[in-house]
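All remarks here apply to the structure that follows.
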Amino acid sequence: LRGHNFGNLFIAALTQVTGDFQRAILESSKVLAVRGRVLPTTLENVLLKAECADGTIVSGESNVGSCGKRIKRIFLDPPSVPTTPEVLRALEDADLIVLGPGSLYTSVLCNLAVEEVREAILRSQAPLVFVCNVTTQPGETDGYTFSDHLEAVFQFLPRERVNYVLVNGERPQEEVLRELKKSGIEPIFAEGGEWDFPGKILEAPLLSPEHPTRHDPGRLAQALVEILLKEKPSFSLYFALHTKNGLKNLKIVRLVSRLGKKALTRSE
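Going by the numbering used here, the sequence shown wraps up at 333, each residue one higher than the last.
See the structure below:
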């Protein structure tokens with residue numbers, strides 16, 4: 066069990082109990098009181114692999130996430146697996162598609178390695194937001210900068226398909242930075258300079274006060290809603306009529322790999 070996170074073990078156990086991966090996702094959502102829907106990107110047995118910068122090939126999600134080497138690319142074995150009709154429908158109906166936050170390769174981009182998912186995102190007219198992680202992740206993105214995260218996304222999606230990049234602009238306190246550095250973790254900020262990127266890079270104070278390696282859920286949700294309202298001003302009336310804070314009745318669909326991205330749509 067070493068190297069596997071609790072979420073994966075929990076879903077694996079429920080899969081054995083229910084005999085069905087999709088049912089396990091549904092039941093885990095109920096047990097954990099997850100808001101919205103969680104959809105598996107694929108129901109096929111598939112292996113996530115990574116080619117490292119030194120040419121070595123790493124197999125398996127836990128091994129990829131702890132390889133400690135710079136990752137050149139990720140791919141699936143077998144390379145072509147179908148997604149589900151529910152995923153395609155969620156992406157087709159989405160008003161805003163959100164990639165991240167989460168483990169860059171083993172949680173976020175692995176979903177884009179499913180060709181049907183990537184093609185559905187390219188077909189969609191919904192604005193796409195990439196939420197950059199607030200820190201590097203030991204073993205998976207050691208030494209990565211903001212630009213490195215962007216370039217990893219652009220391996221799967223054309224630059225012009227990413228409409229917004231949301232990045233934390235709040236600097237942790239010095240004592241927090243020292244503790245993070247001891248653990249091999251570095252904060253990620255949008256470096257000065259220019260990027261070969263036609264979309265908009267938005268900085269906001271997104272850091273969780275309690276967990277300096279994570280986003281504050283409320284701040285992140287508010288930033289995403291502001292982007293949605295900027296793209297679709299008519300939603301302002303919808304939020305005003307349905308909830309005080311504009312979030313309660315928003316339908317959230319999270320795609321999970323069998324190995325995140327999120328699609329936000331209006332409530333039905």
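By construction, the Cβ of each residue, glycine as well, lies at the ideal position given by its N, Cα and C atoms.
In this text, all values refer to a predicted model and were calculated from it rather than measured experimentally.
If you scan the segment 120-174 from start to end, which runs of the alpha helix (DSSP H) of 4 or more residues do you find wholly inside it? Fully enclosed alpha helix (DSSP H) runs of 4 or longer: 126-129, 150-158.
Candidates L215, N233, T278, E216: closest to L245 by CA position: Counting from one through the sequence shown, the residue named residue 245 turns up at place 180. The residue with the shortest Cα to Cα distance from L245 is T278.
Would you say the beta carbon of H214 is closer than 7 Å to some non-hydrogen atom of the ligand PLP? This structure lacks the ligand PLP; in fact it carries no ligand of any kind.
Rounded to the nearest angstrom, what separates T206 and D213 at their Cα positions? Against the sequence shown, residue 206 aligns to sequence position 141. Against the sequence shown, residue 213 aligns to sequence position 148. Answer to the nearest angstrom: the Cα atoms are 9 Å apart.
Around the C-beta of Q202, are 16 or more other C-beta atoms found within 10 angstroms, so that it is buried, or is it exposed? Against the sequence shown, residue 202 aligns to sequence position 137. Buried, because 16 or more other Cβ atoms sit within 10 Å of the Cβ of Q202.
Drop a sphere of 10 angstroms on the beta-carbon of F195, count the other beta-carbons inside from all chains shown, and report buried for 16 or more, exposed for fewer. If you number the sequence shown from 1, residue 195 lands on position 130. F195 comes out buried.
Contacts around G208, its chain only, beta-carbon distance under 8 Å, and the 5 residues preceding and following it disregarded: Here residue 208 corresponds to residue number 143 of the sequence shown, with the count starting at 1. If you ignore the 5 residues before and after G208, its C-beta comes within less than 8 Å of the C-beta of R135, T201, E251, all in its own chain and listed in chain order.
V199 to V232, Cα distance in whole Å? Stepping through the sequence shown from its first residue, residue 199 is reached at position 134. Stepping through the sequence shown from its first residue, residue 232 is reached at position 167. Cα to Cα, V199 sits roughly 7 Å from V232.
Give me the Cα-Cα distance between L164 and E240, rounded to the nearest whole angstrom. Sequence index remark: in the sequence shown, residue 164 carries index 99 (1-based). Sequence index remark: in the sequence shown, residue 240 carries index 175 (1-based). One C-alpha to the other measures close to 30 Å.
What residues in its chain sit with their C-beta under 6 Å from that of L177, if we drop five residues either side in the sequence? Reading the sequence shown from its first residue, position 112 is the one you call residue 177. Counting only Cβ-Cβ distances below 6 Å, and skipping sequence neighbours, we find R183, F221.
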